[in-house]
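What follows is a single structure, written as structure tokens, with notes after it.
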Amino acid sequence: MEILRQIGVILGVCLAGVLLSSFLPLPVPANVLGIVLLFALLCLRIVKPSHIEKTGDFLLRNMSFFFIPASVGIMEYYAVVKDHLVLLLLICAITAVLTFAVTAYTVTAIIRLQERRKKKGE
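Printed below as a string of structure tokens:
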């Protein structure tokens, strides 16, 4: 029953993102609004991590499964993409490296902040 409640919370936030997207005159995708909304709810402690933890962990462990439809879609348009395949692969490689670098920098910065807070508390 707990899993169903967690799925309900996540789907409810997704639905709220869809509703926000339809009412706001901004060109922001509904899924991005849903993620921002979930982040805000977590920051405000309206939703606690324990409310979505098990389902969130399951979704993260199986994230590669969700990329299959996009990959199949790209393969269906291979004739359109084939002329630009090298450029697309180069862009993918560069953005992957940039993502790794930004993630590493962010994690390092957060660890330093946590260590500073820990030293202030002592």
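Residue numbers (the working numbering): 78 to 199. Backbone N, C-alpha and C define an ideal beta-carbon position, used for all residues, glycine too. Remember, it's a predicted structure, so these values are computed and weren't measured experimentally.
Residues near Ile129 in its chain [Cβ-Cβ closer than 7 Å; skip 5 each side]: Non-local C-beta neighbours of Ile129 in its own chain, meaning closer than 7 Å and more than five positions away in sequence, comprise Gln83, Val86, Ile87, ordered along the chain.
Rounded straight-line distance, which links the Cα of Ala178 to that of Leu164: Whole-angstrom Cα-Cα distance: 21 Å.
Secondary structure of Tyr154, DSSP reduced to three states: Residue state for Tyr154 is assigned as coil, using DSSP reduced to three classes.
First and last residue of the uninterrupted alpha helix (DSSP H) at His128: Membership of His128 in the alpha helix (DSSP H) is indicated by the continuous run 126-138.
Beta-carbon contacts of Val124 that lie in its chain and below 6 Å, excluding the five residues immediately before and after: Take Val124, set aside five residues on each side of it, and the residues of its chain with a beta-carbon closer than 6 Å to its own are Leu118, in chain order.
Reduced DSSP secondary structure (H/G/I, E/B, other) of Pro106: Of the three classes helix, strand and coil, the one that applies to Pro106 here is coil, per DSSP.
Burial state of Thr132, where buried means 16 or more other Cβ atoms lie within 10 Å: A buried status is given to Thr132, since no fewer than 16 other beta-carbon atoms sit within 10 Å of its beta-carbon.
Neighbour-count burial assignment, Gly198, 16 or more Cβ in a 10 Å radius: The residue in question, Gly198, is exposed, as its Cβ has fewer than 16 Cβ neighbours within 10 Å.
Selection from Leu110, Gly150, Leu175, Thr176 that minimises the alpha carbon distance to Val90: For Val90, the closest alpha carbon among the candidates Leu110, Gly150, Leu175, Thr176 is that of Leu110.
Three-way DSSP call (helix, strand, coil) for Glu192 in this model: Helix.
Three-state secondary structure (DSSP) of Ile87: In this structure, Ile87 counts as helix in the three-state DSSP scheme.
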